[in-house]
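Colleague:
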Amino acid sequence: MLAFMYKNQRYFHHKDLQKTHHSHSGGGGSMGGKNTDTREIKIVRRVLDVNDTIAHQNRKLFREKGVFVINVMSSPGSGKTAILVKTLSHITPKIRCAVIVGDICTSNDADRLAGFGAPVVQVNTDAFGGDCHLAAHVIKTAADNFNLDEIDLLIIENLGNLVCPAEFDVGENLRIVVLSVTEGEDKPLKYPLMFRVCDAALLNKIDLLPYLDYDREAAVQNILQVNPQMPIFEISAKTEEGLDSWIEWLKQKLHGRK
Amino acid sequence: MHEMGIAMQIIEIAVASIPADLKNAQVKRVNLKVGKLAAVVPESLHFCFQIAAQDTPLCDADLNIEQIPVKIRCENCNIEWVVHEPVFICRRCNGGSVKMLSGRELDITSIEVVDKDA
């Protein structure tokens, strides 16, 4: 097989095509009169560029509407919903919030997040084939449910998964990763992309530390190895210990942008 | 875990890139660059691609994955190196101001096509 390289992606010059046929007959490799020459067609495209394009549109829309967007990610059961419930209880109604919460099934998390005056939209990805992450088009559709002119902060609670959500830009301003002290200290090293792409880490459930053989210092060092400039907030959503610094940081980011 | 969606995107992009002058095009190979930090498991992607490519011009296509190493640069020292462990700290100045130069790719670079009717 002869491979030919074409620089201009989909455009083929007549001259090049003639050259292809000429080379082929000259090579004497004809198979039953069929031209089975292989052409290599240059493409150079991000596989996820459809998602990236929609994420870019989302970001533009959110900026125009003055909506600050955070995307909260973690493994299942690390306490994302509990943290957001407590965060909402401290910042609403002064900061006008809305929440998009993703799960494969159930509206349990949306029910827990309701009642703070912030509109909540539950996205169940089983309609999208049980997706393991929220993609940009899903956020675009979900955001249609809100009057963005009346929202300061849009909180996206992603699906519990430390792998896939890290790969999908949804048009957010900040990415937050939650790690709880009931998980391994080496999670940041096992899932480096997630900890690399996030802007802040919340180490949750620190009220349980007296009962665990958890090396908190090792967990912090592992986060800092992957992302040396990451702000880390050690918190307990249950007792609210450390919650103030996280909320202060969030407010600073929110107001700093405007 | 999202390899099926990625396989379907690859097929969509490849089909759209087949030149119009090929009447009965068969894609023999898809060349991909996948960064080592990209959240993609090559074995999973191969498996999903085989299923998703059925009844498309890519049904006999090979997926050729070139793995791209994670390369970073220290913004203070300006030195560049390839990391094999997830440690993003400058090995010279111990600083944390490092920039990723490669390792997050998930790109189609080319397809190789034959025209069965030519």
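So the protein lines, in turn, are chains A and B. Using our numbering, read the first sequence as starting at 342 and increasing by one per residue. Using our numbering, read the second sequence as starting at 11 and increasing by one per residue. The C-beta atom is built at its ideal place from N, Cα and C for all residues, glycine as well. Note that this is a predicted model, so its numbers are computed, not measured.
Tell me, please, whether the CB atom of Val93/B is closer than 7 Å to any CB atom in chain A?
Modeller: The residue given as residue 93/B occupies position 83 in the second sequence. Answer no: the Cβ-Cβ gap between Val93/B and chain A never drops below 7 Å.
Colleague: Taking just the CA atoms, how far does Leu500/A sit from Arg453/A?
Modeller: Stepping through the first sequence from its first residue, residue 453/A is reached at position 112. Stepping through the first sequence from its first residue, residue 500/A is reached at position 159. If I take the Cα positions, the gap works out to 15 Å.
Colleague: Please decide whether Pro67/B counts as near chain A, where near means a Cβ-Cβ distance under 7 Å.
Modeller: Locating residue 67/B in the second sequence gives position 57, where the first residue counts as 1. It does not: the Cβ of Pro67/B has no partner Cβ on chain A nearer than 7 Å.
Colleague: If the cut-off is 9 Å on Cβ atoms, which residues from the stretch 381-401 of chain A count as contacting chain B, listed in chain order?
Modeller: For the stretch 381-401 of chain A, which is checked against every Cβ of chain B, the residues closer than 9 Å are Glu381, Ile382, Lys383, Ile384, Val385, Arg386, Arg387, Val388, Leu389, Asp390, Val391, Asn392.
Colleague: What residues from the stretch 555-585 of chain A come within 8 Å of chain B, judged by C-beta to C-beta, listed N to C?
Modeller: Correct list: Leu565, Gln566, Val567, Asn568, Pro569, Gln570.
Colleague: Using three-state DSSP, classify Ile384/A as helix, strand or coil.
Modeller: Taking the first residue of the first sequence as position 1, residue 384/A is located at position 43. Strand, per DSSP.
Colleague: Measuring CA to CA, which of Phe536/A, Leu520/A, Gly583/A is closest to Ser419/A?
Modeller: The count along the first sequence starts at 1 and reaches residue 419/A at position 78. Of the candidates Phe536/A, Leu520/A, Gly583/A, the one whose C-alpha sits nearest the C-alpha of Ser419/A is Leu520/A.
Colleague: Which residue spans inside the stretch 504-583 of chain A form an unbroken alpha helix (DSSP H) run of at least 4?
Modeller: For the stretch 504-583 of chain A, whole alpha helix (DSSP H) runs of length 4 or above, ordered along the chain, are 528-531, 533-538, 557-567.
Colleague: Give the residues from the stretch 34-45 of chain B that approach chain A closer than 7 Å (Cβ to any Cβ), ordered along the chain.
Modeller: Here the close residues are Lys38.
Colleague: Please classify Lys435/A as buried or exposed, where buried requires at least 16 neighbouring CB atoms within 10 angstroms.
Modeller: By 1-based counting over the first sequence, the position of residue 435/A is 94. Lys435/A should be labelled exposed.
Colleague: Please name the residue in Glu53/B, Leu32/B, Ile78/B, Val40/B whose C-alpha comes closest to that of Ala72/B.
Modeller: Translated into positions along the second sequence, residue 72/B becomes position 62. Checking the sequence shown, residue 72/B turns out to be Asp, not Ala. Answer by Cα proximity: Val40/B.
Colleague: Check distances from the C-beta atoms of the stretch 75-106 of chain B to those of chain A and list, in chain order, the residues that come in under 7 Å.
Modeller: Here the close residues are Pro96, Val97, Phe98, Ile99, Gly106.
Colleague: Output, in sequence order along the chain, the residues in the stretch 493-508 of chain A whose CB is closer than 8 Å to any CB in chain B.
Modeller: Under the 8 Å Cβ criterion, the stretch 493-508 of chain A contributes Asn502, Val504, Cys505, Ala507, Glu508.
Colleague: Going by beta carbon distance, what residues of the same chain come within less than 6 Å of Gln80/B, once the five residues before and after it are set aside?
Modeller: To locate residue 80/B, count along the second sequence from 1; it is residue 70. According to the sequence as given, residue 80/B is Val; it is not Gln. Within the same chain, Val80/B has close Cβ partners Lys46, Leu47, Val93, Gly113.
Colleague: For Phe57/B and Leu591/A, I'd like the C-alpha separation in whole angstroms.
Modeller: Locating residue 57/B in the second sequence gives position 47, counting from the first residue. Locating residue 591/A in the first sequence gives position 250, counting from the first residue. Spanning the two alpha carbons is a distance of roughly 42 Å.
Colleague: Assign Lys43/B to one of three DSSP states: helix, strand, or coil.
Modeller: Counted from its first residue, the second sequence places residue 43/B at position 33. Residue state, collapsed to three classes: strand.
Colleague: For Ser27/B and Pro551/A, I'd like the C-alpha separation in whole angstroms.
Modeller: Position 17 of the second sequence holds residue 27/B. Position 210 of the first sequence holds residue 551/A. Looking at the two C-alpha atoms, the distance is approximately 59 Å.
Colleague: Mapping the DSSP letters down to three states, classify Phe57/B as helix, strand or coil.
Modeller: Here residue 57/B refers to the residue found at position 47 of the second sequence. The answer is helix: DSSP assigns Phe57/B an H, G or I state.
Colleague: With DSSP as the reference, identify every bridge partner of Asp117/B, one or two as the case may be.
Modeller: For this step, residue 117/B is matched to residue 107 along the second sequence. DSSP lists Arg387/A, Lys43/B as partners of Asp117/B.
Colleague: Under 7 Å, Cβ to Cβ, is there at least one residue of chain B near Cys473/A?
Modeller: In the first sequence, residue 473/A corresponds to position 132, counting from 1. Interface residue, yes.
Colleague: So what's Leu402/A in DSSP terms, helix, strand or just coil?
Modeller: Working through the first sequence from its first residue, we reach residue 402/A at position 61. Leu402/A: helix per DSSP, three-state reduction.
Colleague: For the stretch 556-573 of chain A and the stretch 407-417 of chain A, state whether three or more C-beta atom pairs, one from each stretch, are separated by less than 8 Å.
Modeller: Verdict: no, contact absent.
Colleague: Assuming Ile547/A and Val413/A make a contact with CB atoms under 8 Å, what is their CB distance in whole Å?
Modeller: Counting from 1 along the first sequence, the entry for residue 547/A is found at position 206. Counting from 1 along the first sequence, the entry for residue 413/A is found at position 72. The pair is not a contact, with the Cβ atoms about 18 Å apart (cut-off 8 Å).
Colleague: Is the CB-CB distance between Ile445/A and Asp467/A below 7 Å?
Modeller: The count along the first sequence starts at 1 and reaches residue 445/A at position 104. The count along the first sequence starts at 1 and reaches residue 467/A at position 126. Yes, they are a contact pair.
Colleague: When we look at the beta-carbon of Gln77/B and count the other beta-carbons within 10 Å, is it buried (16 or more) or exposed?
Modeller: Here residue 77/B is taken as the residue at index 67 of the second sequence, counted from 1. Under this definition Gln77/B is an exposed residue.
Colleague: Measuring only between beta-carbons, confirm whether Ile21/B sits less than 7 Å from chain A.
Modeller: Mapped onto the second sequence, residue 21/B falls at position 11. No, Ile21/B does not count as interfacial toward chain A.
Colleague: Can you name the residues of chain B whose CB is closer than 7 Å to the CB of Pro533/A?
Modeller: Position 192 of the first sequence, counted from the first residue, corresponds to residue 533/A. Simply Leu47, Pro96.
Colleague: For a contact defined as C-beta to C-beta under 7 Å, what are the partners of Pro52/B on chain A?
Modeller: The residue you call residue 52/B lines up with position 42 of the second sequence. Result: empty, since nearest Cβ-Cβ is about 13 Å, beyond 7 Å.
Colleague: If you run the structure through DSSP and keep just helix, strand and coil, what is Ile16/B?
Modeller: The sequence position of residue 16/B within the second sequence is 6, counting from 1. Ile16/B falls in the helix class under three-state DSSP.
Colleague: Taking all protein chains shown into account, do 16 or more other C-beta atoms lie within 10 angstroms of the C-beta of Asn545/A, making it buried, or fewer, making it exposed?
Modeller: Walking along the first sequence from the start, residue 545/A turns up at place 204. By the 10 Å Cβ count, Asn545/A comes out buried.
Colleague: Are the stretch 379-397 of chain A and the stretch 109-125 of chain B in contact at 8 Å, needing three or more beta carbon pairs?
Modeller: Result yes; three or more Cβ-Cβ pairs closer than 8 Å.
Colleague: Closest by CA to Ser416/A, which one among Leu549/A, Val522/A, Pro460/A?
Modeller: The residue given as residue 416/A occupies position 75 in the first sequence. That would be Val522/A, whose Cα lies nearest to the Cα of Ser416/A.
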